[in-house]
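Residue numbers (my numbering): 1 to 566.
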């Protein structure tokens, strides 16, 4: 056996030692150990969140963010903690975490979303002033994201509801300039114009409506452009620019007749009907009184010309009815009735010519009275037809009120029951008696407070918030109907009570209110049906008993009047 070379043995041994030394792991540095600890801690919290253990995840992320505020993901840890608090229904803790993120990490990419979520929470809890301020802070940031767009939109809506017109107008202007290519831009422009119109700033409203037509006339749906043409006409009429107003009403009618829309046909037809009605009203306003000079023969010619002029205006109102819009058909019928009432009054109050012999004065007056009587009968027919339309819809608005006032004036023996209605006019919100659940009780109290303060738009917003939180419980519709009614939106109130009574057939406050609304439009039969449902559940209900008594008398007298007329 050959002898081993000593040099080779030593070399091999040294090589083995080197390999063994390389195989032993090096000790990690302190920075590497800290990074590993942070990563494992963040992963532990993330695993809790992924496993839907939101309560523990929230506390874990919050503790992590407190212990390691300089860690590059500490802002994310705070954000995740806030979201986990939200999911575990700890809203106050969630808001604390979001606010902490905004304060300590203002340049974080998560700060805008946190600011938005804080504003949404404030809005949901009816802290509208603070919510608007937070939305505006977000919108002031140099961003064009959907969050910023939504924030500016919400800030405008809240400022408008708060009655802060200047701030709302500024937000609308910023939105239109920054997000002019979005679908909401045209809607915000319209809402801003309507806001100015509602608050009597007619010049600003006209400018905004014109801006809309210039930008969106060819882009927006036809029904929307018809609406704007009509609204601009109404504003110009309010400014005394009747000729320009008539031009916009005529433009709306031409656009409708040239291309009747297949989509949104009902709303387009309604705006066309309004345009036709406004034109007829402008003609009515220009109708002259009978002025007589000279002989008896001259008087006869002037009377004939006057009647011809009234018939021409009447035909204009008849065209309104052809559009099949119940609201404007009722308005047109009310105007037609008032028109013939005015004609009869004109005929009976005309000055007699000087050349009529004294012995013919009485005969002449008698003839004028007889000539005017058919006009009074015609007025009654128009009013009754309008009232029947209101029953069919059902509808109660300013034009239906005109109809009831006209019928009471012409036929007080039959329609004087309308004067009894203050006894049953007060509506019942009643939400304080029926618990809606602890999660919305504070909102109910706020809605009732705003109602007492006559801040109708804020009360309406809270009602919608309650409904969003409790979509299965529709009792809030009753309170919403009361808010609409007391703010003057009686047509919306009627529809809301109607919806509430259908959705909740055993909910007595909605039934009482619906019955009271039917009494307002002299619909005794429908009012009785509503009050009967109340009395079935509570035979001693005082308001229902009074309402039913009036309904029976109302229905009986109207039925008797029909028989007499026939």
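Note that beta-carbon positions come from the ideal geometry of N, C-alpha and C, so glycine has one too.
(request) Mark residue 223 as exposed unless 16 or more other C-beta atoms lie within 10 angstroms of its C-beta, in which case mark it buried. (result) Counting C-beta atoms within 10 angstroms of its own C-beta, residue 223 has 16 or more neighbours from the protein chains shown and is therefore classed as buried.
(request) Evaluate the contact criterion for the segment 538 to 551 versus the segment 398 to 416: three or more CB pairs, one atom per stretch, below 8 Å. (result) Result no; under three Cβ-Cβ pairs closer than 8 Å.
(message) Would you call the segment 472 to 486 in contact with the segment 184 to 204, where contact means no fewer than 3 C-beta pairs closer than 8 Å?
(response) Taking one beta carbon from each stretch, the segment 472 to 486 and the segment 184 to 204 have fewer than 3 pairs nearer than 8 Å; the two do not touch.
(message) For the alpha helix (DSSP H) containing residue 93, name the first residue and the last one.
(response) Start and end: 91 to 104.
(request) Pick out whichever of 110, 87, 374, 525 has its Cα sitting closest to the Cα of residue 74. (result) Per the Cα distances, 110.
(request) Within the segment 491 to 552, note down every full alpha helix (DSSP H) run reaching 4 residues or more, in order along the chain. (result) The segment 491 to 552 contains these whole alpha helix (DSSP H) runs: 508 to 520, 524 to 537.
(request) Measure from the alpha carbon of residue 277 to the alpha carbon of each residue in 201, 234, 207, then state which is nearest. (result) With distances taken between Cα atoms, residue 277 lies closest to 234.
(message) With three or more beta-carbon pairs closer than 8 Å as the criterion, would you say the segment 458 to 469 touches the segment 494 to 508?
(response) No: the two stretches stay apart, fewer than three of their Cβ pairs being nearer than 8 Å.
(request) Count the other CB atoms, across all protein chains shown, that sit within 10 Å of the CB of residue 513; report buried if there are 16 or more and exposed otherwise. (result) Classification for residue 513: buried.
(message) Rounded to the nearest angstrom, what separates residue 96 and residue 550 at their Cα positions?
(response) Distance between the alpha carbons of residue 96 and residue 550 is about 57 Å.
(request) Could you tell me the distance, in whole angstroms, from the CA atom of residue 516 to the CA atom of residue 525? (result) Between residue 516 and residue 525, the C-alpha separation is close to 12 Å.
(request) List the endpoints of the continuous alpha helix (DSSP H) containing residue 134. (result) Here the alpha helix (DSSP H) through residue 134 covers 128 to 140.
(message) Quick check on residue 209: does DSSP put it in helix, strand or coil?
(response) In this structure, DSSP gives residue 209 a helical state, which the three-state scheme calls helix.
(request) Flag this pair as yes or no: are the beta carbons of residue 52 and residue 64 separated by less than 8 Å? (result) No, the pair does not count as a contact, with Cβ atoms beyond the cut-off.
(message) Check this for me: beta carbons of residue 94 and residue 105, under 8 Å apart or not?
(response) No.
(request) Would you give the residue range spanned by the alpha helix (DSSP H) that residue 185 belongs to? (result) Unbroken alpha helix (DSSP H) run through residue 185: 184 to 198.
(message) Measuring alpha carbon to alpha carbon, tell me which residue in 316, 324, 375, 331 is nearest residue 345.
(response) Among 316, 324, 375, 331, the Cα nearest to that of residue 345 belongs to 375.
(request) Label residue 39 either buried or exposed according to how many other C-beta atoms from any shown protein chain fall within 10 Å of its C-beta, with 16 as the threshold for buried. (result) Residue 39 comes out exposed.
(request) Check each candidate in 41, 58, 522 and name the one with the smallest Cα separation from residue 392. (result) The shortest C-alpha to C-alpha distance from residue 392 to any of 41, 58, 522 is the one to 522.
(request) Would you please state the rounded distance, in angstroms, between the beta carbons of residue 121 and residue 152? I believe it to be under 8 Å. (result) Rounded, the Cβ-Cβ distance is 18 Å, inconsistent with contact.
(request) Would you identify the three-state DSSP class for residue 322, choosing helix, strand or coil? (result) Coil at residue 322, not helix or strand.
(request) Identify, in the order they occur along the chain, each residue of the same chain with its Cβ nearer than 7 Å to the Cβ of residue 205, setting aside the five sequence neighbours on each side. (result) The beta carbon of residue 205 lies closer than 7 Å to those of 193, 196, 197, 235 in the same chain, with the five residues before and after it left out.
(message) Could you tell me which whole alpha helix (DSSP H) segments of length 4 or greater appear in the segment 135 to 181?
(response) If we require 4 residues or more, the alpha helix (DSSP H) runs fully inside the segment 135 to 181 come out as 146 to 161, 165 to 178.
(request) Take residue 558 and list the residues in its own chain whose beta-carbon comes closer than 6 Å to its own, dropping the five residues that flank it on each side. (result) Result list for residue 558: empty, nothing under 6 Å.
(message) Quick check: what's the CA-CA separation for residue 555 versus residue 499?
(response) If you take the alpha carbons of residue 555 and residue 499, they lie about 24 Å apart.
(message) If you measure between the beta carbons of residue 168 and residue 159, is that distance less than 8 Å?
(response) Judged by beta-carbon spacing, residue 159 lies within the 8 Å limit of residue 168, meaning their Cβ atoms are closer than that value.
(request) Quick one: residues in its chain with C-beta nearer than 6 Å to the C-beta of residue 232, no 5 flanking neighbours on either side, listed in chain order? (result) Result list for residue 232: 209, 248, in chain order.
(message) For residue 313, count the other beta carbons within 10 Å of its own beta carbon; 16 or more makes it buried, fewer makes it exposed. Which is it?
(response) Buried, since its Cβ has 16 or more Cβ neighbours within 10 Å.
(request) Please state if the CB of residue 332 and the CB of residue 340 are separated by a distance shorter than 8 Å. (result) Cβ atoms of residue 340 and residue 332: not closer than 8 Å.
(request) For residue 24, count neighbouring Cβ atoms within 10 angstroms of its own Cβ and tell me buried if that reaches 16, exposed if not. (result) With a pLDDT of only 48 at residue 24, under 50, the local geometry of the prediction cannot be trusted, and no value is derived from it.
(message) Using only the alpha-carbon positions, how far apart do residue 566 and residue 386 sit?
(response) Bear in mind that a pLDDT of 49 at residue 566, under 50, signals an unreliable position, so the number given afterwards is only what the model happens to contain. Rounded to the nearest angstrom, the two C-alpha atoms are 19 Å apart.
(message) If contacts are defined as beta-carbon pairs under 8 Å, then residue 382 and residue 336 qualify, I think. What distance do you get, rounded to the angstrom?
(response) Contact between residue 382 and residue 336 holds, with the beta-carbon distance rounding to 5 Å and staying under 8 Å.
(message) Going by DSSP, what residue range makes up the alpha helix (DSSP H) through residue 117?
(response) It spans 111 to 124 - the alpha helix (DSSP H) in which residue 117 sits, taken as one unbroken run.
(request) With DSSP as the reference, label residue 575 as helix, strand or coil. (result) As shown, the chain starts at 1 and ends at 566. That puts residue 575 outside it, with no answer to give.
(message) Within 10 Å of its beta-carbon, does residue 407 have 16 or more other beta-carbons around it, so buried, or fewer, so exposed?
(response) Flag for residue 407 reads buried.
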